[in-house]
Each structure stands twice: as C-alpha cells, then as structure tokens.
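Enquirer: Numbers 339 to 621, taken from this note's numbering, label the letters of the sequence shown in order. Glycine included, every Cβ here is placed at the ideal spot set by N, Cα and C. Bear in mind that the values here come from a model prediction, so they are computed numbers and not experimental data.
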Amino acid sequence: MSNLIPKLPARDPDSNKGTHGRGLLIAGSVGMSGAAVLGGTAMLRSGTGLVTVATTRAAQTLVALGNPCYMTAGLTEDPVTGKLSHGAIGPALQLAMHRDAVGIGPGLGTSEALGQLVRLLLEQSRGGLVIDADGLNSLGHNPVLPKRLVPAVITPHPGEFARLTGQTIAEVQSDREGNARKLARHLGVVVLLKGNHTVITDGERLAVNKTGNPGMARGGSGDVLTGILVALLCQQMTPYEAAVLGAHVHGLAGDFARDKLGEVGMIATDLVDFLPAAFMRLG
339 MSNLIPKLPA RDPDSNKGTH GRGLLIAGSV GMSGAAVLGG TAMLRSGTGL VTVATTRAAQ
399 TLVALGNPCY MTAGLTEDPV TGKLSHGAIG PALQLAMHRD AVGIGPGLGT SEALGQLVRL
459 LLEQSRGGLV IDADGLNSLG HNPVLPKRLV PAVITPHPGE FARLTGQTIA EVQSDREGNA
519 RKLARHLGVV VLLKGNHTVI TDGERLAVNK TGNPGMARGG SGDVLTGILV ALLCQQMTPY
579 EAAVLGAHVH GLAGDFARDK LGEVGMIATD LVDFLPAAFM RLG
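Structural data, given as structure tokens:
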C-alpha cells in the first residue's frame, strides 16, 4: 500500500489551452442540471484547458448559464422520461473522439441508452474515461465489460459498488480494500471506492486517502470529484495517478471549506471554490 501523492505535471511557459487538455463531461438532465454545472466547473478549476459539458437539450440552457467558461452541447432525450435517448449515442461518441478525457454519469438518470453509451465509450474513447453515478448504475449487476478497454476510473460509493457486485453494503464495507482490489482486477479498471478513507486501486497498487471530512457527505460532492478526475486525465496523468491525486485534492478542498465554513453549512460549490487553494497547497 502506498499513500504517496502523485504530482501534477509542471506547466510549460509556452503552453496553450490545448496543451492542458480538451475534456468532455456528459452529465445532467432536467432537475439535475446542477450535477453538470458542478462537474464542468470542477474541470475548469482543476486545470483543463477546454471543457465541454454535454447534457440533454432540455437542460442545456440551464447548464450553459451555470458557467460562461465552458462550452455546452445538447443531446436528445426521451420525451417521456427526459433521459438520454438512443439518438444521443452517436453525437456523444463524436464529441468524445475529439477529447483527451471523458466523464459520464452525474445527473443523467439510468437508461438503456446510457448503458450502451458507457460500453461504447469504454471501447472507443480516444483518451481516459471516468464513470460515475448513473453511468455506473446503467451497467447493471455484475457487468461484463468490453475486452478492449480505454484507461478508465470508476467511482462508486458503497451502494453503487454493492449494485455492481451483488453484495450487500455491509459486505462491501467489511473489507473495502479487498473488495475494491477484486473488482478492479475483474473489470480491468481503476476503482475509487468512496467513503471515509476512500480506497483507490488498480488491482495491484492500492492507496487510502486521508483527506476529507463528514461535511462533504452531501449532494454534489461526487460530481465535483468526477470533474477533478477528468481534468487530471486531460493533463496526461494515468488513471491510477489521477484517482490518487484527485481524491486527495477533493478532500483537501473539503477540509479548507470546513475550516472556513464548518461541516454543517458547507456545500458542494464550496468544494469547487477551494480547489485552487488545494492545488496551490500541493505546489
């Protein structure tokens, strides 16, 4: 087990916005547009050069109003459920082909189309992939993933982990490190098992995060983490390195927010606001 924190690559004085990566976040829907805003803004605050947030067409205006610094794209939704339709799969894949890293899941709602899109991204994405929230839930129980996988990080909380593996939450929590390592080996991805002392493993290496506090246990915190991870992948970190550093920075921003605002009153936007300070602390 190692808890050494990887370092973000130094920035070249002659770099430009393209140098620091083009990232895509597929997130949000009506009633859940905040997930897309939080994730997209976290990508910006974590160093991504160019950010595009793809969301359902019905939510696109709200997402665009959330931050003027990222671009948005509209994807077709089912007129009844409001979730991604099968017609969104092709355009989403086209967007992904031109990005250095992709995040998918926050605020989308589970659907058959989303499950298909996640599997296709695992096969076809140009760069790294982060799968969170509804992206994980859409894979179903004991998923069989494509044999050719792009470098990927999955970020389940204990409930999502239990749904993926068929375990109870109590079983997951009884051996967090062993269960995370087993799932990482089985799926061929980096697993970031959220919770007190988040566990990160690629099946061989394993780290336990020491930053963070109970004030972070509220809606939107995971969306911020997804954005951080996509940003670090955009900046040429490996999935394991990005997951270890991302969990540390996420928790550190939460600790700064707690110290300033207290655990009771802090919210997910505070995590985003303290990301610059967290990265500065790392040097």
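Considering only DSSP beta bridges, list what I492 is partnered with.
Expert: DSSP output for I492 lists I469 and V529 as bridge partner(s).
Enquirer: In this structure, does DSSP put L411 in helix, strand or coil?
Expert: A small fix is needed here, since residue 411 is Ala in this sequence, not Leu. It is a strand residue.
Enquirer: L376 and G589: beta carbons closer than 9 angstroms?
Expert: Going by C-beta atoms, L376 is not nearer than 9 angstroms to G589.
Enquirer: In its own chain, which residues sit with a C-beta less than 7 angstroms from the C-beta of G584, not counting the 5 before and 5 after it?
Expert: Excluding residues within five positions, the ones whose Cβ falls inside 7 angstroms are L563, I566, L567 and L570.
Enquirer: Checking 9 angstroms against the spacing of the C-beta atoms, do V389 and L431 come in under that value?
Expert: Their beta carbons are not under 9 angstroms apart, which means V389 does not touch L431 by this criterion.
Enquirer: Hey, would you say L422 sits closer than 9 angstroms to T410, going by beta carbons?
Expert: Not a contact, by the Cβ cut-off of 9 angstroms.
Enquirer: Given a cut-off of 9 angstroms, decide if T394 and G361 are closer than it, judged by their beta-carbon atoms.
Expert: Taking 9 angstroms as the Cβ cut-off, G361 and T394 do not qualify as a contacting pair.
Enquirer: Could you have a look at G602 and say whether DSSP puts it in helix, strand or coil?
Expert: Per the sequence presented here, residue 602 reads as Val, with Gly not at that position. If DSSP states are grouped into helix, strand and coil, V602 belongs with coil.
Enquirer: Identify the continuous alpha helix (DSSP H) that holds R360 and give its terminal residues.
Expert: Counting along the chain, R360 falls outside any alpha helix (DSSP H), though it belongs to the beta strand (DSSP E) covering R360 to I364.
Enquirer: For the alpha helix (DSSP H) that contains V368, what are its first and last residues?
Expert: From DSSP, V368 is part of no alpha helix (DSSP H); its letter is neither H nor E.
Enquirer: Closest to L446 by C-alpha separation, out of G372, G600 and L342, would be which residue?
Expert: Considering only alpha carbons, the answer is G372.
Enquirer: Using the beta-carbon count (16 or more within 10 Å), is C407 buried or exposed?
Expert: Result: exposed.
Enquirer: Taking the beta carbon of H436 as the centre, do at least 16 other beta carbons fall within 10 Å, making it buried, or is it exposed?
Expert: The residue in question, H436, is exposed, as its Cβ has fewer than 16 Cβ neighbours within 10 Å.
Enquirer: In chain order, what residues of the same chain lie with their CB nearer than 8 angstroms to the CB of A365, ignoring the 5 residues before and after it?
Expert: Excluding residues within five positions, the ones whose Cβ falls inside 8 angstroms are A373, A374, G377, G378, V391, A392, T393, G441, I442, G443, P444, G445, L446, D561 and T564.
Enquirer: Around the C-beta of M618, are 16 or more other C-beta atoms found within 10 angstroms, so that it is buried, or is it exposed?
Expert: Under this definition M618 is an exposed residue.
Enquirer: In chain order, which alpha helix (DSSP H) runs of at least 4 residues are fully inside the segment 531-596?
Expert: Those alpha helix (DSSP H) runs which fall completely within the segment 531-596 and span 4+ residues are 559-572.
Enquirer: Just mark A508 as buried or exposed, buried being the case when its beta carbon has 16 or more other beta carbons within 10 Å.
Expert: Counting Cβ neighbours within 10 Å, A508 comes out exposed, since fewer than 16 surround it.
Enquirer: Got a sec? Which residues, its chain only, sit under 8 angstroms from G600 by beta carbon, not counting five neighbours each side?
Expert: The residues are G553.
Enquirer: Alpha carbon to alpha carbon, what distance is there between V510 and F499?
Expert: Distance between the alpha carbons of F499 and V510 is about 7 angstroms.
Enquirer: Helix, strand or coil for G482, going by three-state DSSP, please let me know.
Expert: Correcting the residue identity first, residue 482 is Val in this sequence and not Gly. DSSP places V482 in coil when its eight states are reduced to three.
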